[in-house]
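Enquirer: Sharing a structure with you now.
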Ligand SMILES: [Zn+2]
């Protein structure tokens, strides 16, 4: 539930504290609240905040430099524009799809994704959560911290959910000035119910998957956080979070030996750490419901070691999977970009292409209409 600010392309990430989902969210929410209070205190009671008439008032607000985006021509240190003008955006419109309300939002990024989204939606309406969803999806395309620019255009089609995630993004398109192209992602799950994903308009999956034989988890709904994701200031999330139902089998991708199990249970929940001396890494599995191995036990590659859960500091069932350098636990690896795991992406099967194109056209028409 946190905003990724680091890229998938960072193979080696210096870890600081692992801030758990709840704390990360609260932090972002509090930032969002501050911004909200500063801007919309008197104005906003409803779903959509109106922008201040007098843009000059905004110039008095100080913002953490790390939150700011560089101006377009500058590829160096982000700088605060002297006056922050209101972002342009389209008011969310409500339509329905399969009985659920659909919202659309179009805007230009200003200062940061979270900052911009929170100028449009209120905190009560989940601006921090929505920007986290957007950032997480965009992290597959780019390093947000380095490549996002003021004035980039973002269109999103989404639904609001009852659960802790709050939102489901159906379509995202992001026009990047830095890359000179538009990135698109469409949600589709008809080919594999309950195991859908985001695809470009040609039906190529955007998020990567670890090959089954090496994957710590084979059945998961989505990856909700990646190493380096924004948690608090620098550092970021140390693992990869796979959203999965409690009781989902968890495997060790590699041969090794169990170093410890169930330490710091209050934070980690039930957990396992496995040493892989041949690879020079350790792997960690947190928030489990059940541990099936003991300290000192030898593990084969692909052996089941646990069941996923929702224990410790977590607010939704998921597996936190972490790959550490065995000599330096602050050096952590992204499973999708480091050499340890093989990964792949899916394609829409030919027999579902027609349905997929229909979905693409439907979501595109929603953006145009708004
Ligand atoms: Zn995690």
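In our numbering, the protein residues as written are 36 to 405.
Note that beta-carbon positions come from the ideal geometry of N, C-alpha and C, so glycine has one too.
#1: Just to be sure I understand the criterion: a residue counts if its Cβ is closer than 5 Å to at least one heavy atom of ligand 1. Which residues meet that?
#2: CA-CA distance, residue 179 and residue 173?
#3: Can you tell me whether residue 247 is buried or exposed, with buried defined as 16 or more other CB within 10 angstroms of its CB?
#4: Would you tell me roughly how many angstroms separate the C-alpha atoms of residue 390 and residue 315, rounded to the nearest one?
#5: What are the partner residues of residue 239, as DSSP defines its beta bridges?
#6: Could you check if residue 258 belongs to the surroundings of ligand 3, using beta carbon to heavy atom distance under 7 Å?
#7: Go to residue 155, then tell me how far its alpha helix (DSSP H) extends in each direction, as first and last residue.
#8: Starting from the C-beta of residue 98, find all residues in its chain whose C-beta is less than 6 Å away, skip the five residues before and the five after it, and write them out in chain order.
#9: With a threshold of 16 other CB atoms inside 10 Å of the CB of residue 160, please say whether the residue is buried or exposed.
#10: Taking C-beta to C-beta, are residue 336 and residue 287 nearer than 8 Å?
#11: Taking DSSP as the reference, what is the three-state secondary structure of residue 369?
#12: Is residue 295 helix, strand or coil by DSSP?
#13: Over what stretch of residues does the beta strand (DSSP E) that includes residue 325 continue unbroken?
#14: Touch check for the segment 294-305 and the segment 273-280: three-plus C-beta pairs under 8 Å?
#15: Secondary structure at residue 139, three-state DSSP: helix, strand or coil?
#16: Cβ of residue 285 within 8 Å of Cβ of residue 245?
#17: Mind checking which residues open and close the alpha helix (DSSP H) that includes residue 232?
#18: Is DSSP giving residue 394 helix, strand or coil here?
#19: Since residue 342 contacts residue 323 with CB under 8 Å, what's their CB separation in whole angstroms?
#20: Which of helix, strand or coil does DSSP assign to residue 76?
#21: Please look up how many angstroms separate the CB atoms of residue 202 and residue 211, rounded, as I've assumed it's under 8 Å.
#22: Can you tell me whether residue 191 is helix, strand or coil according to DSSP?
#23: My assumption, with CB atoms under 8 Å, is that residue 242 sits in contact with residue 232. Please give the rounded CB distance.
#24: According to the Cβ coordinates, are residue 376 and residue 384 closer than 8 Å?
Expert: The answer reads as follows:
#1: 274, 276 and 355
#2: 7 Å
#3: exposed
#4: 45 Å
#5: 382
#6: As far as ligands go, the structure on display features ligand 1 and does not contain ligand 3.
#7: 148-155
#8: Caution is warranted here: a pLDDT of 37 is assigned to residue 98, below 50, making its placement in the model unreliable, and the coordinate value is therefore given only provisionally. Taken in chain order, the list of residues that qualify is empty.
#9: buried
#10: yes
#11: coil
#12: strand
#13: 316-326
#14: no
#15: strand
#16: no
#17: Segment 232-234 is the beta strand (DSSP E) holding residue 232; no alpha helix (DSSP H) there.
#18: helix
#19: 6 Å
#20: With a pLDDT of 26 at residue 76, under the threshold of 50, the predicted position of this residue should be treated as unreliable, though the coordinate-derived value follows. In the structure shown, residue 76 sits in coil (DSSP, three-state: anything other than H, G, I, E or B).
#21: The Cβ separation is near 22 Å, so there is no contact.
#22: strand
#23: 6 Å
#24: no
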